[in-house]
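What follows is a set of notes on a single structure, which appears directly below.
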Amino acid sequence: MTVSFKGLVSFGILGILLNLGCVKKEGGSSGSSANVPSGNEIWVGEYGSMTGSESTFGVSTHKGISMAIDEINKTGGINGKKISLKSYDDQGQAAEAVTIVTKLITQDKVSLILGEVASSRSIAAGTVAQQYKIPMLSPSSTNPKVTQVGDQIFRVCFIDPFQGAVMARFAINNLKLKKAAVFRDIKADYSMGLANFFVEEYKKMGGEVVADVSYSGGDMDFKSQLTSIKSKNPDVLFVPGYYTEVGLVARQARELGLKAVLLGGDGWDSEKLTEIGGDAILGGYFSNHYSHEDQSPVVQNFVAQFKARYGEVPSGLAAQGYDAAMVAADAMKRAKEMTPRGFRDAIAETKNFQGVTGMITINEQRNAVKPAVVLKVVGPQKFSYVTTINP
Amino acid sequence: MKRFQTLVLIAVVALLWGLNYLFEENLNPYVLRVIINCGIGMILAMSLNLVNGCAGQFSLGHAGFMGVGAYISATITSVLNLSPFFQTDLGVGCAIVMGGIVASIAGYLVGLPSLRLKGDYLAIVTLGFGEIIRICFLNIEAVGGARGLSGIPPKSNFFWVYLWVVVTFIALLRLLRSSYGRAILSVRENEIAAESMGIDISHYKVVAFVVSSFFAGIAGGLFAHFQSFIDPNSFVFNKSVEAVIMVVIGGMGSLSGAILGGVIVTLLPEVLRVFEQYRMVIFPLILIVLMLVRPMGLFGHKEIWELFRRKASS
Amino acid sequence: MLQAFLQNVINGLAQGSVYALVALGYTMVYGVLQFINFAHSDIFMLGAFGGFYLAKWLSPSVSNPLLLLVSVILGSMAFCVAVGLTVERIAYRPLRSAPRLNVLITAIGVSLFLENLGQVVFGADPQVFPSLIPTKSLLEGEGLVLNNIQVTVVIVSVLLMLLLHWIVRHTKLGIAMRAVSFDIEVANLMGIPTDTIIIFTFTIGSSLAGAAAILYGLSYPKIEPLLGVMIGLKAFVAAVFGGIGNIMGAAVGGIVLGLAEAFTVYYVSSTFRDAIAFGILILILLFKPAGLFGTFKREKV
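Protein chains in written order, with the working numbering: chain A, 2 to 392; chain B, -1 to 312; chain C, 2 to 302.
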């Protein structure tokens, strides 16, 4: 079956003409009418990277969320109704995230969505949630653009501009150190964002950034970059990455004789940090949402229960997952109507919610306003509280 | 004969348009998404099939060309703010074609030095190029770097994607049935014999590579305008492996096999969602078993209509 | 200036030795079977985990650090050999006469399978490799840093490579291996038990990977299931650079790659670190495809 060239062209033109003529319908109707919880169950969707190179973050978050939902259901659910969680794995791929969120909304008919950790995937999937008008609550995405997708998207963590500035301010005001080197993870936009805002604030406050070098998430050897950083003699080394790399960075920095104070962000928060970093990471400071030392019953309860259930100390991501689910549940309890729209409005009105990761208030930009704490690494899995920095 | 074919084509286009309307109104959006994803997979599989199946070369970097097509077309429609033309269906289509062209240039640049190499080397070099392309995009802040590129006009609906599927299919079929195609196939069969017959195998290998990269770029552009968001993570090595699995399952050298492979590989994660955790363990296992038990895939070298013809004559 | 240079040399050598050991596995299998064993890097990863669990199990009972280290290395080597031979038997041997493309695809399949199985079995969170021997800084003058781990890595690698060299050049087994890599059919006809030789090749290659894994775990204590991916790719580049099929080439290639990475990252840019290996690959394939020490076999018609 051979096809003539003319045929090809003519059918191509025809196709174009036909499609220009038809009015494209904006896909999907408003989700508020569908996806209304019925009967005794409220369906909540979760998407995260349970497999793939970032699975450790997705799994941690999932643990926090599951624990929260079970707790809520045990204590009476939402005004008597149970929350049923439907979780899907996005394999760390934005494309997959979009597909599964579409599935959650259109097939599983969830009324609310929790996710994701990575801002890139939150942005991608957020457009779907926005389109169908289903509220989405991200536990840990910190890029400002995430909530800018639309009025359905919220987050319970602070955003990069704030956190980046926090450590800059800490370095200058508290540590009085004016020469900094930045070592960022080019593969993680979380790290890039934090680094950018740190640099901006640090310079504004009169500090000097003597080196700005990068590594790739997953790298094992940082010696060459660290050698280059060492030659510039910084007082402070800002490593706004994930604990999976920071431990090694610290080790190798010390092995090379780099004596700068290590600073970082909430990506450091994990019991693995001190395991991997050993002695090298001691004396480092990082900004976080809360302190494990916080004696408040909310935190202590959470840590104890998590340990009992999973046999490990919760990482920052797990705590944020927990809080995201709790904030969602709290909103659902307060909602004026039991519909996605009602939930959305209730989330937007969240004020002074006592979460594990701090006092959460959702502001107009749908971001969480909460103070950051600065912690110092003092021993194996021991982080001690240093100070609080308010927004 | 020609008039008949033109009528068939018009009918196909009308059918696609009708289905598009039908689907958008009535079909569950998630199912529609999966169907469109299948379409993009089909184009990717068909493009890789030309290199892996027909020319017998082994490219492991196809995700890179897809990425080039995606990023270039997305840059034209979203980043460069050139003119409102590029927000329309036709404009996006043009951007996608341009993405494909740039991808084919990339294919030329990659193919020219590499195609002198034998199978395994070529595989690694193409893998390397795929990674280099991805790392480049990771480092270009203008297209978002690790954060990705969002806000791409979502114009790839069922109609456009499947229109491209038909175009790709017909174009590749025409290519393979022509003397060019026969030359390409001869490269796969026996390089030395082909060379002795006067066929410039390097030239044909490069041709196969360039055409293949063009369509991979098209798939990428359609993908970008479907997701409305792309990031370097979407084009990692695993995606190239997915494309290889598509071609292998369908049968290397068979266009219809590639189509089927594209569908199967896209559907499998959805169907196997129950085993979500073990999905990436099962996939490679399928590949290994396939290679051990039925390496020719479902259709082998043949097209689906040839299978029936065979049966009829026996 | 000089210190930075020397520091980079030290860093590069240490990292390069690990690449070299892994590269040897690739090059040997390629020499004998003419295909790239993609799964080799994942055998390396399994060796690291095997060593991790073994160390955990043995630590309480074995107090001498040197003894502990040696037993963990041997244990890991044994484990890798077991895995390597299983893979060879199940996935590669049936395809001995199949087109090379098929074997390559199977190898990719095995590699992905092992990686993802690792993720399921070992969990997503990285594990911390125990310090089997305490780190001691050996040299700390003028900003130059060298520690005992780096020295250990280089010394053990060199020893293993010398051992391999001796086996290949001065034993019957070695001659048989070289014969098989030269022309497998003729070797078979000459009475060499090719299956056995292939088993030996995999054994040696995998055990080297196992040893490399422990040395790696000592230097970079974080291990996770996707550990092998980049290392494998770079080790392969090293093997090609030196001339695939050529053992000395792989060793040299590994060292050169380690040094090149260290220098390029320091003097040029850190962002394209991974691209350097591929850049070297492309350059060598463009200008001297047979690699530094390799020779291209002319195919006779």
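Idealized CB from N, CA, C, for every residue including glycine.
Test: residue i CB closer than 8 Å to a CB of chain C
i	result
residue 121 of chain B	yes
residue 89 of chain A	no
residue 304 of chain B	no
residue 274 of chain B	no
residue 273 of chain A	yes
residue 292 of chain A	no
residue 278 of chain B	yes
residue 193 of chain A	no
residue 298 of chain B	no
Buried or exposed by the 16-neighbour rule on C-beta atoms within 10 Å, applied to residue i
i	result
residue 301 of chain B	buried
residue 104 of chain A	buried
residue 26 of chain A	The predicted position of residue 26 of chain A is uncertain, since its pLDDT is 36 and thus under 50; a value taken from the coordinates is nonetheless stated next. It is exposed - the Cβ of residue 26 of chain A has fewer than 16 other Cβ atoms within 10 Å.
residue 94 of chain C	exposed
residue 209 of chain C	buried
residue 48 of chain C	buried
residue 205 of chain C	buried
residue 319 of chain A	buried
residue 275 of chain C	buried
residue 61 of chain C	exposed
residue 280 of chain A	exposed
residue 313 of chain B	This structure cannot settle anything about residue 313 of chain B, because the visible part of chain B is limited to -1 through 312.
Residue-level contact to chain A via CB, residue i, 8 Å cutoff
i	result
residue 162 of chain C	no
residue 231 of chain C	yes
Minimum Cβ-Cβ distance from residue i to chain B less than 8 Å
i	result
residue 26 of chain A	Note on residue 26 of chain A: pLDDT 36, under 50, position unreliable in the model; the coordinate value appears next. Yes, residue 26 of chain A counts as interfacial toward chain B.
residue 123 of chain A	no
residue 117 of chain C	yes
residue 189 of chain A	yes
Simplified DSSP assignment, three categories, for residue i
i	result
residue 117 of chain C	helix
residue 38 of chain C	coil
residue 12 of chain B	helix
residue 23 of chain B	helix
residue 86 of chain A	strand
residue 385 of chain A	strand
residue 42 of chain A	strand
residue 230 of chain A	helix
residue 146 of chain C	coil
Interface partners of residue i on chain C, CB under 7 Å
i	result
residue 1 of chain A	Here chain A covers residues 2 to 392 and nothing more, so residue 1 of chain A does not appear.
residue 130 of chain B	276, 279
Residue range of the alpha helix (DSSP H) that includes residue i
i	result
residue 158 of chain B	156 to 175
residue 279 of chain B	277 to 291
residue 152 of chain C	149 to 171
residue 209 of chain B	199 to 225
residue 168 of chain A	161 to 170
residue 256 of chain C	248 to 268
residue 307 of chain A	298 to 311
residue 281 of chain C	274 to 288
residue 263 of chain A	Looking at the DSSP string, residue 263 of chain A is not in any alpha helix (DSSP H); the run it does join, the beta strand (DSSP E), is 262 to 265.
residue 254 of chain B	253 to 269
residue 209 of chain A	No alpha helix (DSSP H) holds residue 209 of chain A; the beta strand (DSSP E) holding it covers 209 to 216.
Proximal residues of chain A, C-beta to C-beta of residue i below 8 Å
i	result
residue 271 of chain C	214, 215, 216, 225, 226, 229
residue 66 of chain C	Chain A residues near residue 66 of chain C: none, gap ~16 Å exceeds 8 Å.
Residue i - containing beta strand (DSSP E), residue span
i	result
residue 113 of chain A	113 to 115
residue 186 of chain A	180 to 186
residue 363 of chain A	359 to 363
residue 156 of chain A	154 to 156
residue 380 of chain A	373 to 380
Contact set between residue i and chain A, taken where Cβ atoms lie within less than 7 Å
i	result
residue 275 of chain C	217
Where residue i meets chain C, residues with beta-carbon distance less than 9 Å
i	result
residue 267 of chain A	Result: empty, since nearest Cβ-Cβ is about 17 Å, beyond 9 Å.
Chain A contact residues for residue i, given Cβ-Cβ distances below 9 Å
i	result
residue 54 of chain C	Ordered by position in chain A, no residue passes the 9 Å Cβ test against residue 54 of chain C, which lies about 16 Å from the chain.
Amino acids of chain B, ordered along the chain, whose beta-carbon sits closer than 9 Å to that of residue i
i	result
residue 96 of chain C	289, 290, 293
Listed by chain order, chain C residues near residue i by CB distance under 8 Å
i	result
residue 68 of chain A	Within chain C, no residue comes near residue 68 of chain A; the closest Cβ sits about 17 Å away, beyond 8 Å.
Distance cut-off 7 Å: residue i Cβ against heavy atoms of the ligand ADP
i	result
residue 84 of chain C	Judged by which ligands are present, the structure shown has none, so any question about the ligand ADP falls away.
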